[in-house]
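Read left to right, the sequence shown gives residues 240 to 431 (this note's numbering).
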Amino acid sequence: MAAEDVAASQRGRMLRAMAEAVAEKGYANTAVADVVARAGVSRKTFYEHFANKEACFLAAYDACVDALYGAVAERAGDDGERPLAEQVERLMAVYLDMLAADPEVAIAYLVAVYAAGPEALGRRREVLARFAELFATLHVRTGAAPLPGLRYEALAGAISTIVTVRVATGEIAELPNLRDELVALVLDTLRA
């Protein structure tokens, strides 16, 4: 393997190891030693990629967000040819199915982030803003006037809270069962 491929493989394993360790032990109780042991790399290799545990967690969080948001936006946000209800249904299906399929990532993305400090919380807020903007885009494409104030952000926050509570209480496998209710919530809000 080329050196770049080795480094990318190591980095990917460490990001995955971080999500797994945090899901099992919580952010505060996860140490660099947990990550390197799970990833099969040395401490030296870890520090070649990350300044500290927080930097590794933030990189893992960003990678998770990019994958999740990218899949959701791609699935729901086509050129607007589909009816709004179908786009929202597709968005929710991808979001809930992806989280249910990867419990470690769901825990790291939705629960552990709140214990990881101000930088992580800032990134969490940015993610909510991205999802709020996605709802706004889908809504405005229908020809509707934009909703006032914080309505899109409130919608994204409500969905996040509903899902986060279920992840935190161990109901990750049941997340897809929320789809119909969350779709109704989104459509009711956007059609108000």
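Glycine included, C-beta positions come from ideal geometry on N, C-alpha and C. Here the structure is a predicted model, which means the values were calculated and not measured.
{"query": "Whole-number beta carbon distance between arginine 405 and alanine 332, since they are thought to touch under 8 Å", "result": "About 16 Å; that fails the 8 Å criterion."}
{"query": "Residue nearest to methionine 337 in terms of C-alpha spacing, selected from Gly356, Val352, Arg363, Ala306", "result": "Ala306"}
{"query": "Aspartate 244 vs alanine 260 beta-carbon contact at 7 Å", "result": "no"}
{"query": "Enclosing alpha helix (DSSP H) for serine 248 [first to last residue]", "result": "242-264"}
{"query": "Per-residue DSSP class, three states only, for glycine 361", "result": "helix"}
{"query": "Sequence-distant residues of the same chain with beta carbon closer than 6 Å to valine 425, five excluded per side", "result": "Val327"}
{"query": "Bounding residues of the alpha helix (DSSP H) (the contiguous stretch that carries glycine 396)", "result": "390-407"}
{"query": "Residue burial classification, leucine 360 (beta-carbon count within 10 angstroms, cutoff 16)", "result": "exposed"}
{"query": "Contact belief for alanine 258 with alanine 299 at Cβ below 8 Å, rounded distance in angstroms", "result": "5 Å"}
{"query": "Extent of the continuous alpha helix (DSSP H) to which isoleucine 411 belongs", "result": "Premise fails: isoleucine 411 is in no alpha helix (DSSP H) and is neither H nor E."}
{"query": "Cβ pair glutamate 343, alanine 423 closer than 7 Å", "result": "no"}
{"query": "Contact check, leucine 367 vs alanine 312, beta carbons under 7 Å", "result": "no"}
{"query": "Span separating the alpha-carbon of isoleucine 411 from that of alanine 340", "result": "8 Å"}
{"query": "Cβ distance (whole Å) where leucine 323 is taken to contact leucine 377 below 8 Å", "result": "6 Å"}
{"query": "Beta-carbon proximity of alanine 278 to arginine 252, cut-off 7 Å", "result": "yes"}
{"query": "Candidates Leu349, Asn291, Glu320, of which the one nearest valine 379 by Cα", "result": "Glu320"}
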